[in-house]
Amino acid sequence: MQTAEHWENVYRTKDFDAVSWYAPHLGESLRLIRQLAPDKTAAVVDIGAGESTLVDDLLHHHYLDLSVIDISVTAIDFSKQRLGAQAEQVGWHVGDITQYDFGSKKFDLWHDRAVFHFLTDPAARQAYIELVRRSVNPGGYVLMATFGPNGPLKCSGLDVVRYDAQSLHNEFGEGFSLQGDELTMHHTPMGTDQQFLYCWCRVSQ
Ligand SMILES: C[S@@+](CC[C@H](N)C(=O)[O-])C[C@H]1O[C@@H](n2cnc3c(N)ncnc32)[C@H](O)[C@@H]1O
Numbered sequence: 002m003q004t005a006e007h008w009e010n011v012y013r014t015k016d017f018d019a020v021s022w023y024a025p026h027l028g029e030s031l032r033l034i035r036q037l038a039p040d041k042t043a044a045v046v047d048i049g050a051g052e053s054t055l056v057d058d059l060l061h062h063h064y065l066d067l068s069v070i071d072i073s074v075t076a077i078d079f080s081k082q083r084l085g086a087q088a089e090q091v092g093w094h095v096g097d098i099t100q101y102d103f104g105s106k107k108f109d110l111w112h113d114r115a116v117f118h119f120l121t122d123p124a125a126r127q128a129y130i131e132l133v134r135r136s137v138n139p140g141g142y143v144l145m146a147t148f149g150p151n152g153p154l155k156c157s158g159l160d161v162v163r164y165d166a167q168s169l170h171n172e173f174g175e176g177f178s179l180q181g182d183e184l185t186m187h188h189t190p191m192g193t194d195q196q197f198l199y200c201w202c203r204v205s206q
């Protein structure tokens, strides 16, 4: 099954709170975004947002320049419906992040929770990182959350790559300076725990 088809199938057949990555709020992501990009005019993008409520929480905290992308139109439509009229304040994108282009739009903070770790093909990771290079302003931040060294080997039936801060940073290479990392535990709706690595770096000025 192709990537887009896989994720469409997930979001068409599962309730928003019945997927392993579900959390009512992405508290860790929100806290770090507010810390790294405290200016409410900062352009923030959520990569592979799915149906997560991070965009709602960022709107609640008065962020003014929000963008969201996911490969699944079903997930994007669900989030738009949930937000109602507020959805008009967000730039919505549907597409595969390894083949996407945001055009002239640039971001001050790039957030990805549980998307990059699905890229098992080095060429796909390279394409992703090239897009980060084109799309994040100098001095901007890249905030990544992947499965950690003791995290699961699969998610949603797909293989993943697990990272520690150094191996994730090595993927990004020159032009990115590692600023911090944290290991956290995600409690899935199924009652299991998953180790996540949060890692953030800054794009050279
Ligand atoms: C495990 S879910 C995480 C969703 C959300 N970030 C969260 O933390 O709740 C992975 C998400 O990435 C999206 N996705 C997977 N591959 C993608 C790709 N190549 N381009 C864009 N989105 C993708 C999926 O549709 C799904 O919503």
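As numbered in this note's numbering, residues 2 to 206 make up the sequence shown, in order.
Glycine included, every Cβ here is placed at the ideal spot set by N, Cα and C.
In or out: H187 buried (at least 16 other Cβ within 10 Å) or exposed? buried
Which class does S239 belong to by DSSP, given the choice of helix, strand or coil? Nothing about residue 239 can be reported from this structure: the residues present for the chain run from 2 to 206 only.
Does D113 pass the burial test, meaning 16 or more other C-beta atoms within 10 Å, or should it be called exposed? Under this definition D113 is a buried residue.
What is the rounded straight-line gap between the Cα of D182 and the Cα of S80? 29 Å
Beta-carbon separation of A38 and D109 under 9 Å? yes
Just to confirm, are D57 and L84 a CB contact at a threshold of 9 Å? D57 is a Cβ neighbour of L84, given a cutoff of 9 Å.
Below 8 Å, is the gap between the Cβ of S157 and the nearest heavy atom of ligand 1? yes
Note down, one range per segment and in chain order, each alpha helix (DSSP H) of at least 4 residues found wholly within the region 97-185. 123-136, 166-173
Member of Y164, I48, Q90, D78 whose CA lies at the smallest distance from the CA of H61: For H61, the nearest C-alpha among the options comes from Q90.
If you count every other CB in all the chains shown that lies within 10 Å of the CB of S68, and 16 or more means buried, which is it? Around the beta carbon of S68, 16 or more other beta carbons sit within 10 angstroms, so the residue counts as buried.
List the endpoints of the continuous beta strand (DSSP E) containing I70. 66-71
Under a three-way DSSP split, which group does Y23 fall into? coil
Does at least one heavy atom of ligand 1 sit under 8 Å from the Cβ of I34? No, the beta carbon of I34 sits no closer than 8 Å to any heavy atom of ligand 1.
Could you check where the beta strand (DSSP E) with D47 kicks off and where it finishes? 44-48
Rounded straight-line distance, which links the Cα of S205 to that of P139: 6 Å
Residues near Q100 by beta carbon distance below 8 Å, same chain, minus five either side: A128
Rounded distance between the beta-carbons of F119 and Q195, thought under 8 Å: The pair is not a contact, with the Cβ atoms about 14 Å apart (cut-off 8 Å).
G141 and W93: beta carbons closer than 9 Å? no
Taking the beta strand (DSSP E) that Q195 falls in, what are its first and last residues? 194-204
6 Å CB neighbourhood of R13 in its chain, flanking five on each side removed: T75
CB S178 to CB C200, shorter than 9 Å? no
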